[in-house]
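Just so you know, our numbering puts 1026 at position 85 of the sequence shown, and the rest follows in order with no gaps. Cβ atoms here follow ideal geometry from the backbone N, Cα and C, with glycine treated the same way.
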Amino acid sequence: MKILLAAAALFAACASAHAQSVTLTGSIGSRAILMIDGGAPRTVAPGETVQGVKLITMQGDQAVVESGGKRLTLRMDSPVSIGGAARSAGGTRIVLPADSRGHFMTQGTINGRTVNFMLDTGATAVALSLADAQRIGLDYAKGQPVQVNTANGVAAGWRVKLSSVRVGDVEVYDVDAIVSQQPMPFVLLGNSFIGRFSMRRDADQMVLEKRF
């Protein structure tokens, strides 16, 4: 019995440390429509708790939620990881829900620092702005100078190697990237990352399965 109780306590501790991905996808009056860990959208009223996520308030395009003793503000179609420490690396599958514009967005890390990604199969490599590179402490100046073709013309940039890129519990290493002087609202999750996965569209989700 003691062994069973210890195992149950360990399971509960592991469950509480699980980091959930929560996305605000819409609202109906004071109710929020939340997508948790890529699951089906759920309509949640203020004060109601679903899968450990409690809705505090819903106003305009923002919702305040609470999980694991933490309160965070969610903005429409911007996934946020909440509910404890991040899961350990070693996973092989990434599921990305489409936002209202059909884009696949997710929060992740580069070299352990948090960034907001947008999946871009048209980008040769992971691409980030100079501002994001400086924010995460990337030593881009030691990279190879390159010319980057953008919608606004040619911009200066640097080709670098990222030690790690992580989404959820999936992490890959030694990833080619381009740092551009052109401002960018998101980090583009390009083919230097995507190429290590098989990819398939499943309704409104993009599923990536790690190959190597």
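Continuous beta strand (DSSP E) stretch holding residue i: start and end
i	result
Asn1132	Segment Asn1132 to Ile1135 is the alpha helix (DSSP H) holding Asn1132; no beta strand (DSSP E) there.
Asp1117	Val1111 to Ser1121
Asp1143	Phe1138 to Asp1143
Met1017	Taken as a continuous stretch (DSSP letters only), Met1017 belongs to no beta strand (DSSP E), as it is neither H nor E.
Asn913	Outside the displayed span of the chain (942 to 1153) sits residue 913, for which this structure offers no information.
Gln1003	Gln1003 to Ser1008
Residue i, buried or exposed, once every other Cβ within 10 Å from all chains shown has been counted against 16
i	result
Asp1002	exposed
Val1095	exposed
Pro1124	exposed
Arg1107	buried
Arg1152	exposed
Asp1143	exposed
Ser968	buried
Ser962	buried
Gly1010	exposed
Thr964	buried
Thr1047	buried
Thr1033	exposed
Leu1060	buried
Asp1073	buried
Arg1054	exposed
Ala1097	exposed
From the options, residue whose alpha carbon lies closest to that of residue i
i	options	result
Met976	Gly988, Gly970 and Leu996	Leu996
Ile1051	Ser1105, Asp1115, Tyr1114 and Phe1134	Ser1105
Gln1085	Asp1110, Gln1075 and Ser1121	Ser1121
Gly1063	Asp978, Pro982, Leu1129 and Gly993	Leu1129
Glu1112	Ile1035, Val994, Gln1000 and Asp978	Ile1035
Pro987	Ala1066, Thr966 and Val1005	Val1005
Asp1115	Ser1070, Glu1007, Gly1109 and Ala1066	Ala1066
Residue i: first and last residue of the uninterrupted alpha helix (DSSP H) it sits in
i	result
Arg1076	Leu1071 to Arg1076
Three-state secondary structure assigned by DSSP to residue i
i	result
Ala1068	strand
Lys1083	helix
Met976	strand
Arg1152	coil
Ala981	coil
Ser971	coil
Gly1098	strand
Asn1090	strand
Met1125	coil
Thr1033	coil
Gln1146	strand
Sheet register partners of residue i (DSSP bridge)
i	result
Ile997	Ile997 pairs with nothing; no bridge assigned.
Ala986	Partner(s): none; Ala986 has no beta bridge.
Phe1045	Ala1039
Thr964	Met976
Ser1105	Tyr1114
Heavy atom of the ligand MN within 7 Å of residue i beta-carbon
i	result
Ala1064	You won't find the ligand MN in this model; it holds no ligand whatsoever.
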